[in-house]
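Asker: I'd like to ask some things about the structure below.
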Amino acid sequence: MSVSTVAEGTGSAMDGPGFHVDVGKLEEAASGITKSVDDQSNFELRDLCGDSAQYGHNGIHDALMNFCVRWSDGLDTLTDDADSIGEVLTKAVAAYRAVDEAAAKTLTSDPAEHVVEDD
1 MSVSTVAEGT GSAMDGPGFH VDVGKLEEAA SGITKSVDDQ SNFELRDLCG
51 DSAQYGHNGI HDALMNFCVR WSDGLDTLTD DADSIGEVLT KAVAAYRAVD
101 EAAAKTLTSD PAEHVVEDD
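Quick note: the sequence shown, position 79, residue 79 per this note's numbering, numbers continuous.
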């Protein structure tokens, strides 16, 4: 596995047989998912309906309330799944960074330096 700095400057890239990981982008994805989950956790569709007096008919209010409750339950399931995905991505970022750090500690000099020197 080789480690190289990403040209855009946001992180490092991990390369190995048949794969390439932009760790900075992986971290951005984990952060975006976490933010989306937090945003959804602070919003309940159940509260969207308001009072039945707004609709002029209890049946319409009840139908909308039922829809909102069911939709909110579905979103809760999705955000639980997304939260798990965000946690896994965050752990993957930490693992890649740990490998990068360990690799950097083992390289005390540039192994290709003698090839490009003008001696």
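No residue lacks a Cβ here, since even glycine has one placed at the ideal position from N, Cα and C.
A quick note: this is a predicted structure, and the numbers were derived from the prediction, not measured.
If you run the structure through DSSP and keep just helix, strand and coil, what is residue 18?
Answerer: DSSP places residue 18 in coil when its eight states are reduced to three.
Asker: Are at least three pairs of beta-carbons, each pair with one atom in the region 29–46 and one in the region 80–92, less than 8 Å apart?
Answerer: Segments in contact, yes.
Asker: Please report the distance separating the alpha-carbon of residue 63 from that of residue 42.
Answerer: Residue 63 and residue 42: Cα-Cα distance of roughly 23 Å.
Asker: So what does DSSP say about residue 128, is it helix, strand or coil?
Answerer: The structure shown does not extend to residue 128, since the chain is modelled only from 1 through 119, so no value can be given for it.
Asker: If we ignore side chains and look at the alpha-carbon of each, how far apart do residue 4 and residue 28 end up?
Answerer: In this prediction, residue 4 scores a pLDDT of 45, lower than 50, which makes its location untrustworthy; the coordinate-derived value is nonetheless stated afterwards. The alpha-carbon atoms of residue 4 and residue 28 are separated by roughly 18 Å.
Asker: Using 8 Å as the Cβ pair cut-off and three pairs as the minimum, do the region 93–105 and the region 46–60 touch?
Answerer: Cβ pair count under 8 Å is below three, so no.
Asker: Can you tell me whether residue 89 is buried or exposed, with buried defined as 16 or more other CB within 10 angstroms of its CB?
Answerer: Result: buried.
Asker: Use the C-beta contact count for residue 15: other C-beta atoms within 10 angstroms, 16 or more gives buried, fewer gives exposed.
Answerer: Exposed is the call here.
Asker: Could you pull out every unbroken alpha helix (DSSP H) segment of at least 4 residues lying fully inside the region 19–66, listed in chain order?
Answerer: Qualifying alpha helix (DSSP H) stretches, in chain order: 23–41.
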